[in-house]
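Please read the structure below before turning to the comments.
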Amino acid sequence: MSTKPKDDTDIAAGLLLMAAAGFFGWQSLGLEMGTSIRMGPGYFPMVLSGLLFILGAVILFKAFGRPDDEPFGRIAWRGILFILPAPIFFGLTVRGLGFVPALFITTLIASQASVRMRPLAALVLAVAVTVLATLVFSYGLGLPFRRFGPWLPL
Amino acid sequence: MDLLSNLALGFGVASSLANLAFCLIGVLLGTLIGVLPGIGATATIAMLLPITFQLEPVSSLIMLAGIYYGAQYGGSTTAILINMPGESSSAVTAIDGYQMARKGRAGTALAVAAIGSFFAGSVATFLVAIFAPPLTAIALEFGAAEYFSLMVMGLVMSVALAHGSVLKALAMVVLGLLLGMVGTDVYTGAPRFTLGMTQFADGLNFVAVAVGVFGIAEILRNLEDEHDREVMTRNITRLFPTRDEFRQMVGPVLRGTGVGSVLGILPGGGAILAAFASYTVEKKLSKHPEEFGKGALAGVAGPESANNAGAQTSFIPLLTLGIPANPVMALMIGAMIIQGIVPGPNVVSEQPELFWGIIASMWIGNLMLVVLNLPLIGLWVKLLTVPYYVLFPIIMAMCSIGVYSVNSNPYDLFAVAFFGLLGYVMSKLRCEPAPLLLGFVLGPLLEENLRRAMILSRGDPTTFVTRPISAGLLVLSLAILVLVFLPQIRKRRDEVFTESDA
Chain A
1 MSTKPKDDTD IAAGLLLMAA AGFFGWQSLG LEMGTSIRMG PGYFPMVLSG LLFILGAVIL
61 FKAFGRPDDE PFGRIAWRGI LFILPAPIFF GLTVRGLGFV PALFITTLIA SQASVRMRPL
121 AALVLAVAVT VLATLVFSYG LGLPFRRFGP WLPL
Chain B
1001 MDLLSNLALG FGVASSLANL AFCLIGVLLG TLIGVLPGIG ATATIAMLLP ITFQLEPVSS
1061 LIMLAGIYYG AQYGGSTTAI LINMPGESSS AVTAIDGYQM ARKGRAGTAL AVAAIGSFFA
1121 GSVATFLVAI FAPPLTAIAL EFGAAEYFSL MVMGLVMSVA LAHGSVLKAL AMVVLGLLLG
1181 MVGTDVYTGA PRFTLGMTQF ADGLNFVAVA VGVFGIAEIL RNLEDEHDRE VMTRNITRLF
1241 PTRDEFRQMV GPVLRGTGVG SVLGILPGGG AILAAFASYT VEKKLSKHPE EFGKGALAGV
1301 AGPESANNAG AQTSFIPLLT LGIPANPVMA LMIGAMIIQG IVPGPNVVSE QPELFWGIIA
1361 SMWIGNLMLV VLNLPLIGLW VKLLTVPYYV LFPIIMAMCS IGVYSVNSNP YDLFAVAFFG
1421 LLGYVMSKLR CEPAPLLLGF VLGPLLEENL RRAMILSRGD PTTFVTRPIS AGLLVLSLAI
1481 LVLVFLPQIR KRRDEVFTES DA
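Just so you know, the sequences run in chain order A and B. Following the numbering used here, the residues of the first sequence are numbered contiguously, the last one being 154. Following the numbering used here, the residues of the second sequence are numbered contiguously, the last one being 1502.
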């Protein structure tokens, strides 16, 4: 039913950029502007936010009246669902659980991002990665990580 | 003779057994990750960067130089064997390299790429050694206004060389600059854009941003479509070129080295431009231009040499001015700052071992590439057959450890996830991450120099155009921007990038 061609990718890009500009601009309002001789912490960010907003608006404006020659394509939902939480989990647990269990579970989570990974293969891979990484980083390079943290009843 | 004694100092530092070992490990690791399909040199370095932080400054930068060359070569290997260039500079190699591989000349293409790169790298190393010190002297004359204008030019260049829409690339630079502002303001100590989280008071962690925007986004992109790849492995029979092939590659390699060395010095991504320029030159000069795109030897030898020469000479603006010429150099600067070194003209006089050690290690890294990597090519090719779903969990684990090891801040890992998502969304919206990263690194420097210049000139903005060097740089940036927006040039630019994507 769409009557006029429009470039959806660029519409999304323009809107997102304008939103980002809005966020930075809004945050800059709370900072001191200063004068052009002594610029305050808010001066340069405010100028940049304005610039970004204009660029976003132009991208948005130009998106109408032109077809989207290269639409989004497939989106890696499964990847997003398992890859992104992996570092977050590591960050949350590396102190509490300790390096070894945190890394083991992190690898296990990340490995679930692929539809091709079998459960047993994931387990073997996670064990191998954990053992090797512990040997290399903890014993070899001597990084100051606790191997097993205080959350564990050891 | 200063040059020789300086180089001797450098080789003395770089060829200590430990540093040689780090360089070798760097080359091997760089190739290992770089050879993975879809992961370019920038992403490779971003992923491996944290490993080097535990070392001494000199060793860590030497290892990084090794990683850099390994990654570049790994990228070329992937481009030739499976037609999947990790980034635009090896995209040119893929055009003819892959065709050579399909004709059963994969070994020759790989060897030509390595030998051409080595020759170009050696020449360019000498150029860096010769030209860096005098340029340093000029750089010491630079005031805040000049630095500001030079950085503006670098950013404009990165926009001009980005794929796709110029407007989006500009927006990416500005967004990068803004992200660079996050943290405590240096002049007043006011926290900016931290949303009250004190963990971000020192700014966003550079490694977290780089790993997220390049590494994680790359992995997500590869997970979109898990299909089998066609690898040209069975065809690698003969590695070394015949005498006839050697004769064919001499001209392209020499010209590629020249083109690459000159363009590499330009801030904003000279190495990428170098490969394109060299390909065009060879096609124009060739007696058989119709062979290009169908497996021409010159189409591999020229761009590969130009690429490597440009990669080398792009160290000149980094080491003398402290201004990164491209995203890879931006990563190097990030590494230097984490090691407590402020890149700039003072490095040469204050830390000569570091400066000359890096220059010498560039050459050693190159040599190792040819001597050790070429015979190992069979192994790297095997790696291409390891399924991706086994590799990326390993990469994720390494990234997590690496980012955390920088300053043991769990918030850095949350930033990785955030910037991974941002990088993926950006790639879906056809926005290039490279200008963003360059903006992110230059943001604080740019602001500081702007504010200092304005204080020095008592608030008179004409200071940027009344000082001759600064004015010249700004005029040049403006000219580049105008050129990029001219319809005719824009069409040509689109053609060049489309050709490389094909």
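A virtual CB, placed ideally from N, CA and C, is assigned to each residue, including glycine.
Alpha carbon to alpha carbon, how far is B/Leu1379 from B/Ile1045?
-> Between B/Leu1379 and B/Ile1045, the C-alpha separation is close to 21 Å.
Taking all protein chains shown into account, decide if B/Thr1125 is buried (16 or more other Cβ within 10 angstroms of its Cβ) or exposed.
-> buried
Can you tell me the Cβ-Cβ gap for B/Leu1140 and B/Pro1345, rounded? I've got them flagged as a contact below 8 Å.
-> The Cβ separation is near 5 Å, so the contact holds.
What number of angstroms, rounded off, separates the C-alpha of B/Ala1502 from the C-alpha of B/Val1281?
-> Note that B/Ala1502 scores 38 on pLDDT, short of 50, meaning its location in the model is unreliable; the coordinates nonetheless yield the value given after this. Going by the C-alpha atoms only, they are around 19 Å apart.
Contact the stretch 1297-1305 of chain B vs the stretch 1114-1125 of chain B: 3+ CB pairs below 8 Å | yes
Three-way DSSP call (helix, strand, coil) for B/Arg1192 in this model = The answer is strand: DSSP assigns B/Arg1192 an E or B state.
Is it true that the CB of B/Gln1199 sits closer than 8 Å to the CB of B/Asn1409?
-> Cβ distance < 8 Å, so B/Asn1409 and B/Gln1199 count as in contact.
Using a Cβ-Cβ cut-off of 8 Å, state whether B/Ala1091 counts as contacting chain A.
-> no
For B/Thr1313, which option in B/Met1336, B/Val1123 and B/Ile1082 has the closest C-alpha, if you only look at C-alpha atoms?
-> B/Val1123
Does the count of Cβ pairs from the stretch 29-42 of chain A and the stretch 1458-1465 of chain B closer than 8 Å reach three?
-> yes
Simplified DSSP state of B/Met1197, which is helix, strand or coil | coil
Quick one: Cα of B/Glu1218 to Cα of B/Val1211, how far?
-> 10 Å
How about A/Leu120: is its C-beta nearer than 8 Å to some C-beta of chain B?
-> no
Using the Cα positions of B/Ser1059 and A/Gly98, report the straight-line distance between them to the nearest angstrom.
-> 29 Å
Run down chain B in chain order and give the residues with a C-beta less than 8 Å from the C-beta of A/Phe72.
-> Lys1428
What's the gap between the Cα of B/Ile1216 and the Cα of B/Val1152?
-> 29 Å
Have a look at the DSSP bridge pairing and note the partners of A/Pro34.
-> For clarity, residue 34 of chain A is Gly in the given sequence; the question names Pro instead. A/Gly34 is bridged to A/Met39.
Leaving out the 5 sequence neighbours to the left and right, which residues in its chain are closer than 7 Å to B/Pro1533 when beta-carbon positions are compared?
-> With chain B running from 1001 to 1502 in the structure shown, residue 1533 of chain B is simply not present.
Going along chain B, which residues have a C-beta under 7 Å from A/Met117?
-> Tyr1389
Expressed to the nearest angstrom, what Euclidean distance is found between the alpha-carbon atoms of B/Ser1361 and B/Ala1065?
-> A direct Cα-Cα distance of roughly 7 Å separates B/Ser1361 from B/Ala1065.
B/Thr1280 (DSSP reduced to helix, strand or coil) | helix
For B/Gly1097 versus B/Ala1111, is the C-beta distance shorter than 8 Å?
-> no
Short CB-CB distance (under 8 Å) between B/Gln1054 and chain A | yes
Span of the alpha helix (DSSP H) around A/Val131 = Pro119 to Ala133
What is the rounded straight-line gap between the Cα of B/Ala1144 and the Cα of A/Gly56?
-> In this structure, the straight-line span from the alpha carbon of B/Ala1144 to that of A/Gly56 is close to 30 Å.
Per the contact definition of three or more C-beta pairs closer than 8 Å, is the stretch 1383-1390 of chain B in contact with the stretch 57-71 of chain A?
-> no
Tell me whether the beta-carbon of B/Pro1506 lies closer than 8 Å to the beta-carbon of B/Leu1223.
-> Lying outside 1001 to 1502, the shown extent of chain B, residue 1506 of chain B is not represented and no answer is given.
For A/Tyr158, I'd like the list of residues in its chain whose CB is within less than 7 Å of its CB, leaving aside the five on either flank, ordered along the chain.
-> The shown model of chain A, from 1 to 154, leaves out residue 158 of chain A, and the question about it has no answer.
What residue does the alpha helix (DSSP H) around B/Asp1244 start on, and which one ends it?
-> Arg1243 to Ile1265
Would you mind working out which of A/Leu16, A/Ser114, A/Val129 and A/Thr93 sits nearest B/Leu1220, comparing C-alpha positions?
-> A/Ser114
Cβ neighbour criterion (16 or more within 10 Å) applied to B/Met1197 | exposed
Enclosing alpha helix (DSSP H) for B/Tyr1117 [first to last residue] | In the sequence on display, residue 1117 of chain B carries Ser and not Tyr. Counting along the chain, the alpha helix (DSSP H) containing B/Ser1117 begins and ends at Ala1106 to Leu1140.
Tell me A/Lys6's beta-bridge partners as DSSP assigns them.
-> Per DSSP, A/Phe64.
Expressed to the nearest angstrom, what Euclidean distance is found between the alpha-carbon atoms of B/Leu1429 and A/Ile75?
-> 12 Å
Given that a residue counts as buried once 16 or more other Cβ atoms are within 10 Å of its Cβ, and exposed if not, what is B/Ile1130?
-> In summary, B/Ile1130 is exposed, with fewer than 16 beta-carbon neighbours lying within 10 Å of its beta-carbon over all protein chains present.
Of the choices A/Gly25, A/Gly50 and A/Thr93, whose alpha-carbon is the least far from that of A/Gly165?
-> Here chain A comprises residues numbered 1 to 154, so residue 165 of chain A is not present and cannot be evaluated.
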